[in-house]
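Trainee: Residue numbers (my numbering), protein chains in the order written: chain A, 1 to 171; chain B, 1 to 857.
#1: What three-state label does DSSP hand residue 58 of chain B in the structure shown?
#2: Check whether the Cβ of residue 79 of chain B lies closer than 8 angstroms to any Cβ atom in chain A.
#3: Show which residues of chain B have a CB atom less than 7 angstroms away from the CB atom of residue 134 of chain A.
#4: Please name the residues in the stretch 422-433 of chain B whose beta-carbon is closer than 7 angstroms to at least one beta-carbon of chain A, in chain order.
#5: Threshold first: 3 residues or longer. Then list the beta strand (DSSP E) segments lying entirely within the stretch 101-130 of chain A, N to C.
#6: Can you tell me the Cα-Cα spacing of residue 48 of chain B and residue 23 of chain B, whole angstroms?
#7: For residue 754 of chain B, which of helix, strand or coil comes out of DSSP?
#8: Locate the beta strand (DSSP E) running through residue 308 of chain B, then write down its first and last residues.
#9: Throw me the rounded Cβ distance for the residue 942 of chain B and residue 483 of chain B pair, which I believe falls under 8 angstroms.
#10: Within this structure, are the beta carbons of residue 268 of chain B and residue 357 of chain B separated by less than 8 angstroms?
#11: How would you list, in chain order, the residues of chain A whose beta-carbon sits under 7 angstroms from the beta-carbon of residue 6 of chain B?
#12: Residues in the same chain with beta-carbon distance under 7 angstroms from residue 344 of chain B, minus the five sequence neighbours each way, listed in chain order, please.
#13: Taking the straight line between their C-alpha atoms, what separation do you get for residue 871 of chain B and residue 222 of chain B?
#14: Could you confirm whether any beta carbon from chain A is found closer than 8 angstroms to the beta carbon of residue 3 of chain B?
#15: As a quick exercise: from B:541, B:338, B:719 and B:511, pick the residue whose alpha carbon is nearest that of residue 523 of chain B.
#16: Could you tell me whether any Cβ in chain B is nearer than 8 angstroms to the Cβ of residue 172 of chain A?
#17: What are the complete beta strand (DSSP E) segments, minimum 3 residues, inside the stretch 688-734 of chain B?
#18: Can you list, in chain order, the residues of the stretch 465-490 of chain B whose Cβ is nearer than 9 angstroms to any Cβ on chain A?
#19: In the DSSP output, what is residue 784 of chain B paired with across the bridge?
#20: Considering just the uninterrupted stretch of the beta strand (DSSP E) at residue 323 of chain B, what are its terminal residues?
#21: Going along the chain, which residues of its own chain have a beta-carbon closer than 6 angstroms to the beta-carbon of residue 671 of chain B, five neighbours each way excluded?
#22: Name the chain B residues that come within less than 7 angstroms of residue 166 of chain A, Cβ to Cβ?
#23: As a quick exercise: from B:758, B:138, B:146 and B:103, pick the residue whose alpha carbon is nearest that of residue 110 of chain B.
#24: Do the stretch 802-818 of chain B and the stretch 774-789 of chain B touch if we need at least three Cβ pairs shorter than 8 angstroms?
#25: Would DSSP call residue 563 of chain B helix, strand or coil?
#26: Between residue 63 of chain B and chain A, is the shortest Cβ-Cβ distance under 8 angstroms, so that the two count as touching?
#27: Cβ atoms of residue 740 of chain B and residue 764 of chain B: under 8 angstroms apart, would you say?
#28: Report the residues of the stretch 57-80 of chain A with a CB closer than 7 angstroms to any CB of chain B, ordered along the chain.
#29: Just to confirm my understanding: we take residue 118 of chain A, look at its own chain, exclude 5 residues before and 5 after, and list those with CB closer than 8 angstroms. What are they?
#30: So that I know if they touch, is there some Cβ in chain B lying closer than 8 angstroms to that of residue 153 of chain A?
#31: Are the C-beta of residue 403 of chain B and some C-beta of chain A separated by less than 8 angstroms?
#32: Could one say the Cβ of residue 112 of chain A lies closer than 8 angstroms to chain B's Cβ atoms, at least one of them?
#33: Identify whether residue 207 of chain B lies in helix, strand or coil by the three-state DSSP scheme.
#34: Within a Cβ cutoff of 6 angstroms, which residues of the same chain sit near residue 63 of chain A, ignoring the five residues on either side of it in sequence?
#35: Residue 14 of chain B CB to nearest chain A CB: under 8 angstroms?
#36: For residue 7 of chain B, I'd like the list of residues in its chain whose CB is within less than 7 angstroms of its CB, leaving aside the five on either flank, ordered along the chain.
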């Protein structure tokens, strides 16, 4: 089934399910030392979810695009949650070094999220490319296929978007 | 930033990026023409671009590391109007605090779920379900006062604070006798049964969730929280490892495997609790086991009988063994079908009567009988012995041999494992077993589980033997496929479920992209090689696909699901397929199924139902031996008011396939529309007996609802538990028990297309009259006669007489002759004295009389 044929509630549903699955996968590895690898997570989520007849006819690429969005949301929610817990004084047991390190990451992540939203208003295609590549681990070639554009165009789009976002987040 | 500005930034950046670093500034000064902020921005971007050390270059791994590390609990001191006082306990799922309502000063228990941010969709569901739970109003269920989410998304629940001891500790502390323990346990069962009757399953029953207060009264905690936290019975329930959230000791095997759960899951947990109460230990010793070993023990180990641990006493341990082990049986099918039946046997035990659970055995039954009538029995014992023997032995022998014989002839075909290398061929994992099941279905001596039913065993963790046990079959057939360069290799296997041994294996290759040859090979291997091993020598003539492209489209359609977009796509594929090959019966049969779904649940209406009927006629005309086609035709004809024509096929089908649950269901369907409720119930019972897991029999709940047998109705509705369909029929059931408020909460949030639901919801919620009137105007007759009947009942309940009568009239005109339902349905209470109602009723009587007269001929 092509993504365009999905009804809105299907997309919502797919997003929701993917979100929950990523969330589950992400928190299941948090105890170990393994770092979170988005490509592996998205792949694992896809393998699980594609067993459902509801999604099995959908292509992995379309799924990855939605998974990228879900991944972004999972991370941003986690960052927001941490930030709010800190305000409530819940995180006092975290070792200091670690705390500053994570705090910087939270700031970066939330900054990137806001900047991406801003970019999406003026250049939706570029925002989508960044979302897919950064959060979903999609390759240039895959994005090109999905958007029916040449890889060269995607690379150009990515480069200027990345530069602008980097400037914004650092700023 | 606006689009123009971004365009300028991009153009400048793209051009400058081609230049060397020392040329950037001169170029930008020239090109920006004095817009220094523009030049500044682009320059910054160029710097970032050359540096390549931004957050986007580091990769999301870096950013996300540690993001999910949780700070210690509790994260907050105040929740809503409650102030947390102290920690009561902590578990895998979260923590429970004693709290005080700031304004009122009363004590409550607050449970905070750990690590549970919710997606937006989950949040909406959470809100709807907590209202349902708040309505569980039973003396033995701790009240849920309030539930909400904290600002950060953590769900919390406010519950009645129960100062009591966990059930097992209470019994140990008070040195309760077996009888006292059973009575306490019975109280617990009643509360669980009450919840089941309201469509709520607990899923995490354990002694620590069951508290006994000092006065001896019982409170069950945490109803529905596990369910809510765990999911909606959909995909997530199956992918999540059950162990993370559950207390493994009391978990059912299906939870360990991550399979669908239901009331049988609670029955199992109750069995384990009973075991613990009787023996003061757990059935499986998990103390020294890793989680994985514990899971394996629960799924495979056979516990010792409770009597093994028995201390001497007056209890009849043989019966207690049956009670406990039957309730916690590994196979959901073999457990007590409901908590009510478990209660029944507890009562039997307490009254020294024979249990229902054990199959009658001569020694056992007479033994019980003897104890109750100790004096009288000795006198007649000798003379009666011979007679008893003669009477009792015959049924005993039958019951021992008949099922085994039948079981060896029951087959389930399971989905194949997918080939990771070829995602493009994934549809084969469902389409090939579907084909095998179809071919086997042509052997009249076999009973093949409908593939609709077995397809949920895709990637089933328990393996084929366990699946076969759950499905209650003698043989499971499954296999795999792999794609070579230009060939497709298939492996088909069959396993004897009892021994777990594979007794058949066939490997063959067909050219890739030649699905006709694929089908021919599958059919030939199934018929010629597997068939004789199953004792099926004779296969009826079955349909052959003739056109390559047509068959390929058909296979792809059969792998699709039943949600509206899938249905739409399946119809397109099947129509294309039939354009190429109009003589392939299974394609017509599937087309009928999808048109029917479109007619019922999308916007298809009568037009789709007519198309469904036409397609079903074609399917059946082309192939009278296709049981799906026959069932489809009967359902279609019945729904379009052709009750008599449907009956003839149904009676004929049942004569040919008396051991098939679908055949009984089809006949019950006709009886239901003909208004012969008891006949319908009888056939439904027979279908349930043959296959008590077939979700295709779910609508058998309807005759029981209309006949006032609400408890039995839930058995059928729960066959499809967790779906919106089941929710809407739980609503119908509760509505007729006078529980309007509960019905509103148990029903689906949103019922597409059915205006009568909107009217009902509006009435239940006390919306203003003008609003209900406006909604009632939208309630127009639909294609299906029974749907019109149910809609009419909603409108009648909402006090919309005219609209109700209009729909009722069209229901009866459409061939729904159920005047007994009209007579007993409490929703028509305010309409019965209406003259028009009497007229419609007489039409219904006429309609049924017509049917009966033709049947008598």
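Yeah, the Cβ is synthetic: ideal placement off N, Cα and C, and Gly gets one too.
Mentor: The short version:
#1: helix
#2: no
#3: 56 and 60
#4: 423 and 426
#5: none
#6: 16 angstroms
#7: In this structure, residue 754 of chain B counts as coil in the three-state DSSP scheme.
#8: Unbroken run through residue 308 of chain B: none, as it is neither H nor E.
#9: There is no way to answer for residue 942 of chain B, as the model of chain B reaches only from 1 to 857.
#10: no
#11: 122 and 123
#12: Correct list, in chain order: 356.
#13: The requested residue 871 of chain B does not occur in the structure, where chain B is confined to residues 1 to 857.
#14: yes
#15: B:541
#16: Because chain A in this structure spans residues 1 to 171, residue 172 of chain A falls outside the shown range and cannot be described.
#17: Listed in chain order, nothing qualifies, since the stretch 688-734 of chain B has no complete beta strand (DSSP E) run of 3 or more residues.
#18: none
#19: None, per the DSSP bridge assignment.
#20: Note, residue 323 of chain B: premise wrong, no beta strand (DSSP E); alpha helix (DSSP H) at 317-327.
#21: 679 and 680
#22: Within chain B, the residues whose beta carbon sits less than 7 angstroms from that of residue 166 of chain A are 48, 54, 55 and 56, listed in sequence order.
#23: B:146
#24: yes
#25: coil
#26: yes
#27: yes
#28: Taking 7 angstroms as the Cβ-Cβ cut-off against chain B, the residues of the stretch 57-80 of chain A that qualify are 57, 60, 75, 77, 78 and 79.
#29: 168
#30: no
#31: The predicted model places residue 403 of chain B with a pLDDT of 33, which falls under 50 and marks its position as unreliable; any figure quoted below should be read in that light. So, not an interface residue.
#32: yes
#33: In the three-state reduction of the DSSP assignment, residue 207 of chain B falls in the helix class.
#34: 46
#35: yes
#36: Exclusion of the five residues before and after residue 7 of chain B leaves no residue of its chain whose Cβ lies closer than 7 angstroms to its Cβ.
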